[in-house]
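The listed protein sequences derive, respectively, from chains A and B. Numbering-wise, the first sequence is residues 2 to 507 according to this note's numbering. Numbering-wise, the second sequence is residues 2 to 507 according to this note's numbering. C-beta: ideal position from N, C-alpha, C; glycine also. Keep in mind the model is a prediction, meaning the values are calculated, not measured.
Protein chains: 2
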Amino acid sequence: MYHEYQDRIRHPLLRERIQSAAAAAALIEDGMTVGMSGFTRAGDAKAVPLALAERARQDPLQITLMTGASLGSDVDKVLTEAGVLARRMPFQSDATLRAAINRGDVMFMDQHLSETVELLRTGQIAPIDVAIVEAVAILDSGAIVPTTSVGNSASFAILADKVIVEINLAQPLALEGLHDIFIPKHRPQREPIPLMTPRDRIGTSAIMIPPEKIAAIVITERSDSASTILPADEDTAAIAAHLVAFFEREVALGRLTERLLPIQAGIGTIANAVMMGFIDSPFRHLSMYSEVLQDSTFDLFDAGKLDFASGSSITLSAAKGEQVFGDIGRYKDRLVLRPQEVSNHPEVVRRLGIIAINTALEADIYGNVNSTHVGGTHMMNGIGGSGDFARNAYLAVFATKSVAKGGKISSIVPMVSHVDHNDHDVDIIVTEIGLADLRGLAPRERAQAIIENCVAEPYRQMLREYVAEANRRGGHTPHVLEQALSWHVRYGATGSMLPEQGSQVS
Amino acid sequence: MYHEYQDRIRHPLLRERIQSAAAAAALIEDGMTVGMSGFTRAGDAKAVPLALAERARQDPLQITLMTGASLGSDVDKVLTEAGVLARRMPFQSDATLRAAINRGDVMFMDQHLSETVELLRTGQIAPIDVAIVEAVAILDSGAIVPTTSVGNSASFAILADKVIVEINLAQPLALEGLHDIFIPKHRPQREPIPLMTPRDRIGTSAIMIPPEKIAAIVITERSDSASTILPADEDTAAIAAHLVAFFEREVALGRLTERLLPIQAGIGTIANAVMMGFIDSPFRHLSMYSEVLQDSTFDLFDAGKLDFASGSSITLSAAKGEQVFGDIGRYKDRLVLRPQEVSNHPEVVRRLGIIAINTALEADIYGNVNSTHVGGTHMMNGIGGSGDFARNAYLAVFATKSVAKGGKISSIVPMVSHVDHNDHDVDIIVTEIGLADLRGLAPRERAQAIIENCVAEPYRQMLREYVAEANRRGGHTPHVLEQALSWHVRYGATGSMLPEQGSQVS
Numbered sequence: 002m003y004h005e006y007q008d009r010i011r012h013p014l015l016r017e018r019i020q021s022a023a024a025a026a027a028l029i030e031d032g033m034t035v036g037m038s039g040f041t042r043a044g045d046a047k048a049v050p051l052a053l054a055e056r057a058r059q060d061p062l063q064i065t066l067m068t069g070a071s072l073g074s075d076v077d078k079v080l081t082e083a084g085v086l087a088r089r090m091p092f093q094s095d096a097t098l099r100a101a102i103n104r105g106d107v108m109f110m111d112q113h114l115s116e117t118v119e120l121l122r123t124g125q126i127a128p129i130d131v132a133i134v135e136a137v138a139i140l141d142s143g144a145i146v147p148t149t150s151v152g153n154s155a156s157f158a159i160l161a162d163k164v165i166v167e168i169n170l171a172q173p174l175a176l177e178g179l180h181d182i183f184i185p186k187h188r189p190q191r192e193p194i195p196l197m198t199p200r201d202r203i204g205t206s207a208i209m210i211p212p213e214k215i216a217a218i219v220i221t222e223r224s225d226s227a228s229t230i231l232p233a234d235e236d237t238a239a240i241a242a243h244l245v246a247f248f249e250r251e252v253a254l255g256r257l258t259e260r261l262l263p264i265q266a267g268i269g270t271i272a273n274a275v276m277m278g279f280i281d282s283p284f285r286h287l288s289m290y291s292e293v294l295q296d297s298t299f300d301l302f303d304a305g306k307l308d309f310a311s312g313s314s315i316t317l318s319a320a321k322g323e324q325v326f327g328d329i330g331r332y333k334d335r336l337v338l339r340p341q342e343v344s345n346h347p348e349v350v351r352r353l354g355i356i357a358i359n360t361a362l363e364a365d366i367y368g369n370v371n372s373t374h375v376g377g378t379h380m381m382n383g384i385g386g387s388g389d390f391a392r393n394a395y396l397a398v399f400a401t402k403s404v405a406k407g408g409k410i411s412s413i414v415p416m417v418s419h420v421d422h423n424d425h426d427v428d429i430i431v432t433e434i435g436l437a438d439l440r441g442l443a444p445r446e447r448a449q450a451i452i453e454n455c456v457a458e459p460y461r462q463m464l465r466e467y468v469a470e471a472n473r474r475g476g477h478t479p480h481v482l483e484q485a486l487s488w489h490v491r492y493g494a495t496g497s498m499l500p501e502q503g504s505q506v507s
Numbered sequence: 002m003y004h005e006y007q008d009r010i011r012h013p014l015l016r017e018r019i020q021s022a023a024a025a026a027a028l029i030e031d032g033m034t035v036g037m038s039g040f041t042r043a044g045d046a047k048a049v050p051l052a053l054a055e056r057a058r059q060d061p062l063q064i065t066l067m068t069g070a071s072l073g074s075d076v077d078k079v080l081t082e083a084g085v086l087a088r089r090m091p092f093q094s095d096a097t098l099r100a101a102i103n104r105g106d107v108m109f110m111d112q113h114l115s116e117t118v119e120l121l122r123t124g125q126i127a128p129i130d131v132a133i134v135e136a137v138a139i140l141d142s143g144a145i146v147p148t149t150s151v152g153n154s155a156s157f158a159i160l161a162d163k164v165i166v167e168i169n170l171a172q173p174l175a176l177e178g179l180h181d182i183f184i185p186k187h188r189p190q191r192e193p194i195p196l197m198t199p200r201d202r203i204g205t206s207a208i209m210i211p212p213e214k215i216a217a218i219v220i221t222e223r224s225d226s227a228s229t230i231l232p233a234d235e236d237t238a239a240i241a242a243h244l245v246a247f248f249e250r251e252v253a254l255g256r257l258t259e260r261l262l263p264i265q266a267g268i269g270t271i272a273n274a275v276m277m278g279f280i281d282s283p284f285r286h287l288s289m290y291s292e293v294l295q296d297s298t299f300d301l302f303d304a305g306k307l308d309f310a311s312g313s314s315i316t317l318s319a320a321k322g323e324q325v326f327g328d329i330g331r332y333k334d335r336l337v338l339r340p341q342e343v344s345n346h347p348e349v350v351r352r353l354g355i356i357a358i359n360t361a362l363e364a365d366i367y368g369n370v371n372s373t374h375v376g377g378t379h380m381m382n383g384i385g386g387s388g389d390f391a392r393n394a395y396l397a398v399f400a401t402k403s404v405a406k407g408g409k410i411s412s413i414v415p416m417v418s419h420v421d422h423n424d425h426d427v428d429i430i431v432t433e434i435g436l437a438d439l440r441g442l443a444p445r446e447r448a449q450a451i452i453e454n455c456v457a458e459p460y461r462q463m464l465r466e467y468v469a470e471a472n473r474r475g476g477h478t479p480h481v482l483e484q485a486l487s488w489h490v491r492y493g494a495t496g497s498m499l500p501e502q503g504s505q506v507s
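Here is the structure:
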């Protein structure tokens with residue numbers, strides 16, 4: 002065993018700590034707070050959490066689980082089914098866990114992704130007992146080299162009493178050198194984050210902790226779960242085309258150059274499709290300062306459009322993952338992975354002047370955006386990094402298809418049923434119908450721009466009628482309060498936001 | 002005239018540009034964008050805008066008016082009555098203008114106060130044609146020394162084609178040296194803001210512009226309008242006491258020291274009363290990193306509690322103003338006034354770890370806060386800096402009395418009718434009833450904490466019943482959507498959120 006993992010565990014004494022996943026999981030006790038690696042399915046701990054669930058089936062226990070963001074490998078599903086999760090933060094995207102959250106069985110803290118470790122560092126939430134971090138290697142010094150994400154792993158390991166490392170042999174050793182670990186100092190000694198371009202390296206290439214904190218090492222060889230993004234369709238291609246045309250106008254007006262400004266793109270099919278739209282655009286020497294790097298990042302590299310990409314994780318489809326991770330050396334000097342506290346930090350986002358492109362679940366006529374709550378009540382995934390980026394961006398874009406469920410839901414409503422991003426923070430709304438540029442507009446003007454540019458019939462006419470009545474009642478942000486949420490109520494009652502045949506629109 | 006103002010206008014050639022307010026106002030043409038000094042009634046241009054209104058009565062014209070924040074001297078009132086304001090940003094607090102905004106006659110852009118000049122600098126909103134800046138002096142170099150506020154004046158002057166300076170003889174020359182003007186570079190050359198403590202000086206003591214841009218100088222001698230804050234009453238004293246007790250617990254838990262962290266306090270009676278609460282607290286060597294410095298700042302200096310205060314303006318009651326400005330030298334080495342872009346900058350707020358204390362118009366059971374819109378539709382003043390601070394703070398506190406209008410309005414409602422700060426950004430809700438610590442809580446727990454700690458009867462029981470029904474329906478953030486805004490609707494219909502005698506609570 003000693004020699005077998007020499008390249009992966011370079012601190013010789015630490016090789017003695019190799020254990021089974023079950024033995025490592027035994028370090029976790031009922032009531033503990035556990036911090037795990039994993040960000041958008043990338044670089045998650047895969048063996049110990051499943052062993053913990055296995056154990057919990059005989060010997061029930063509950064923990065508070067913190068991660069970077071969402072996990073793959075059905076970890077959230079299995080832990081939920083085993084009843085292990087009492088509390089969960091700051092993000093998730095698993096159907097089983099989501100149902101438990103919405104039943105009130107798991108207490109979920111939906112947080113801005115840059116903020117979780119600030120709360121931990123200042124003792125404002127319960128401290129981490131055990132951190133579980135997936136790694137490609139442990140260095141001579143005991144420092145940990147993460148895999149396909151950094152997420153919150155570095156601060157979790159630094160702040161935890163004990164650290165369990167999962168060395169994943171399926172993750173190429175060539176990932177070493179990709180990471181840049183910078184940890185802000187405690188206040189009041191905090192200094193500026195010395196990052197001035199997306200490519201700046203400001204930290205160390207591994208997570209520096211005292212090797213004696215590494216209580217167990219588990220060897221795994223299971224790949225990251227592949228992303229499930231769909232290829233661009235007619236609607237997402239139209240959204241991308243509207244945005245490219247918008248940026249062309251901005252360049253023509255002298256507000257941006259052909260390099261634009263560093264781009265952040267949210268996770269998912271729409272954001273990926275929007276980024277694909279840049280392949281046939283006139284822009285060049287683009288850069289990304291984002292949290293998750295998806296397939297489109299590598300397509301843009303291959304198309305010669307993108308010079309550099311900074312992120313906190315790499316989450317790819319199965320086919321793209323095979324291509325990229327099989328030949329990561331080809332991309333390595335154009336990539337860096339950072340802690341999500343740095344990739345999403347308001348200081349850096351504001352300084353660089355990010356173009357932030359995120360997805361809305363729904364938006365309202367004034368440009369407030371709901372990113373999280375279906376029908377105002379049921380959590381989908383979480384706000385993720387969208388707030389970190391949108392608030393501090395040079396330009397905050399929110400994209401959505403104009404309708405969902407075959408037209409039974411309008412993504413543009415009189416009033417959103419939950420607000421994650423308010424009108425102060427939303428510059429552009431874009432759907433397949435068109436784009437509303439809200440910069441410098443007052444609410445009544447915003448409503449006009451959104452309704453006329455972004456909404457499909459019959460909802461456009463319904464919104465015109467709503468606004469006409471609201472304006473008659475007056476106000477800076479006119480509403481007909483007793484009807485403001487009526488579309489959602491109607492959908493709950495009838496399965497459609499459309500009025501029933503023959504009834505009055507209200 | 003040349004010699005008369007030697008101490009105030011030290012660039013000799015510029016003394017030739019002294020004109021009447023009417024002559025200076027003639028530089029402003031119909032359709033122009035004008036940027037004026039003034040932040041929370043402090044340091045506003047007082048003569049030229051009134052002369053412009055006078056002229057507009059004969060010769061109608063309309064402008065876009067930007068300021069730092071709210072103005073005194075009835076400037077917004079007079080300009081509104083003269084029909085001069087087509088567009089207005091980023092904040093106001095005048096009753097006449099407010100009514101015009103709510104009628105839809107003036108297009109008002111309610112903005113985070115740190116962001117207005119970023120939009121200007123990047124050409125995303127219409128450029129400034131003329132800036133009007135109140136000053137205590139113009140230096141040999143032509144640089145402008147502001148008076149009791151910096152606000153957006155520096156960037157307005159730098160970005161404008163022409164600058165009009167109002168030299169106000171009523172503002173003591175001893176204000177010179179109080180200001181620290183730092184202007185971030187354009188992107189992508191932007192560097193970190195090198196500010197690491199509230200007392201750091203990082204810029205120049207005056208606004209540096211080419212003297213040839215100064216197109217006119219007007220001499221005035223009208224004082225700033227006094228603030229109208231009320232003394233602490235039983236309720237605001239109770240709010241202050243709850244907060245002081247909270248901070249004592251935080252110190253006991255080792256999360257804070259007796260110095261706490263730099264404090265920001267919003268404008269108004271409640272925030273001022275909360276700050277007064279620190280006078281009899283055990284905390285020492287406090288500091289402020291805030292936007293407006295009110296009476297309480299100087300009371301805390303005089304009580305030996307406060308070491309240093311950084312702000313963007315000084316707005317005092319008549320009596321306190323006489324005391325402070327009559328003897329400003331006594332406080333000067335403990336004060337600095339900065340551009341609001343710096344006083345409110347997300348980068349600095351996050352770095353310093355601000356304790357942000359702001360006022361809520363209403364909050365809901367999940368901790369979403371409405372700071373701006375009465376009944377969800379009618380603008381009160383604007384979001385001001387509360388978003389800049391709350392989002393990036395170490396701790397975001399929102400304070401409100403539990404009821405308004407003699408108990409006919411509950412300040413805690415099932416769902417706020419407008420969201421300025423969502424649950425992600427709100428750590429503490431405090432009313433005269435008590436304090437809810439929301440850190441680390443999931444929405445269902447937040448509702449419990451707020452209802453049981455912050456709400457007076459009969460609203461507490463009404464909210465318990467709402468939550469019980471909402472929980473039956475399920476969701477991460479349970480609501481009864483068709484009743485969520487019913488308290489506001491009822492208030493609109495009956496003048497009270499209380500159900501009519503004999504009717505069912507709903």
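Query: Report yes if the C-beta distance between residue 279 of chain A and residue 227 of chain A is below 9 Å; otherwise report no.; Result: no
Query: Which residues in chain A sit within 9 Å of residue 193 of chain B, going by Cβ to Cβ distance?; Result: 192, 193, 194, 195, 196, 197, 348 and 352
Query: In chain order, what residues of the same chain have a beta carbon less than 8 Å from the beta carbon of residue 409 of chain A, not counting five sequence neighbours either side?; Result: 492, 496, 497, 498 and 499
Query: Taking 8 Å as the threshold, find out whether the stretch 78 to 90 of chain A comes into contact with the stretch 50 to 67 of chain A through three or more Cβ pairs.; Result: yes
Query: Report the rounded CA-to-CA distance for residue 385 of chain A versus residue 92 of chain A, giving the unit in angstroms.; Result: 6 Å
Query: Would you say residue 11 of chain B lies against chain A (beta-carbon separation less than 9 Å)?; Result: no
Query: If you run the structure through DSSP and keep just helix, strand and coil, what is residue 78 of chain A?; Result: helix
Query: So for residue 132 of chain A, helix, strand or coil by DSSP?; Result: strand
Query: Give, in chain order, every residue of the stretch 102 to 115 of chain B whose Cβ lies closer than 8 Å to some Cβ of chain A.; Result: 102, 103, 104, 105, 108, 109, 110, 111, 112 and 113
Query: Taking a Cβ distance cut-off of 8 Å, strictly less, list which residues of the stretch 361 to 390 of chain A are near chain B, in chain order.; Result: 369, 374, 376, 377, 378, 379, 380, 384 and 388
Query: Counting only Cβ-Cβ distances shorter than 9 Å, please list the residues of the stretch 463 to 480 of chain B near chain A, keeping chain order.; Result: 471, 472, 474, 475, 476, 477, 478, 479 and 480
Query: At a Cβ cut of 7 Å, what residues of the stretch 158 to 186 of chain B count as close to chain A, listed as they run along the chain?; Result: none
Query: Could you tell me the distance, in whole angstroms, from the CA atom of residue 391 of chain A to the CA atom of residue 427 of chain A?; Result: 7 Å
Query: What number of angstroms, rounded off, separates the C-alpha of residue 374 of chain B from the C-alpha of residue 22 of chain B?; Result: 36 Å
Query: Report back the beta-carbon spacing between residue 338 of chain A and residue 313 of chain A to the nearest angstrom; my notes put them in contact at under 8 Å.; Result: 6 Å
Query: Residues in its own chain within less than 6 Å of residue 309 of chain B by CB, not counting five upstream and five downstream?; Result: 199, 200, 288 and 335
Query: Three or more beta-carbon pairs under 8 Å between the stretch 395 to 409 of chain A and the stretch 262 to 274 of chain A, yes or no?; Result: yes
Query: Helix, strand or coil for residue 121 of chain B, going by three-state DSSP, please let me know.; Result: helix
Query: Whole angstroms is fine: what's the gap from residue 507 of chain A's alpha carbon to residue 487 of chain A's?; Result: Residue placement at residue 507 of chain A is poorly supported in this model, since its pLDDT is 43, which falls under 50; the coordinates still yield a value, given next. If you take the alpha carbons of residue 507 of chain A and residue 487 of chain A, they lie about 8 Å apart.
Query: Alpha carbons only, please: which of B:14, B:137, B:94 and B:118 is nearest the one belonging to residue 441 of chain A?; Result: B:118
Query: Where does the unbroken alpha helix (DSSP H) through residue 98 of chain A begin, and where does it stop?; Result: 96 to 104
Query: If the cut is a Cβ gap below 7 Å, which residues of chain A does residue 421 of chain B touch?; Result: 423
Query: Below 7 Å CB to CB, which residues in the same chain sit around residue 49 of chain B once its five sequence neighbours on both sides are set aside?; Result: 22, 25, 26, 133, 165, 167 and 219
Query: Check whether the Cβ of residue 507 of chain A lies closer than 9 Å to any Cβ atom in chain B.; Result: Its pLDDT being 43, under 50, residue 507 of chain A is placed unreliably in this model, and the value from its coordinates should be taken loosely. Cβ-Cβ to chain B under 9 Å: no for residue 507 of chain A.
Query: How long is the line joining the alpha carbons of residue 295 of chain B and residue 293 of chain A, rounded to whole angstroms?; Result: 44 Å
Query: In this structure, does DSSP put residue 570 of chain B in helix, strand or coil?; Result: The requested residue 570 of chain B is not part of the displayed model; chain B covers only 2 to 507.
Query: Is the beta carbon of residue 229 of chain B closer than 9 Å to that of residue 318 of chain B?; Result: yes
Query: Which residues does DSSP pair with residue 312 of chain B in a beta bridge?; Result: B:338
Query: Starting from the C-beta of residue 31 of chain B, find all residues in its chain whose C-beta is less than 7 Å away, skip the five residues before and the five after it, and write them out in chain order.; Result: 62 and 63
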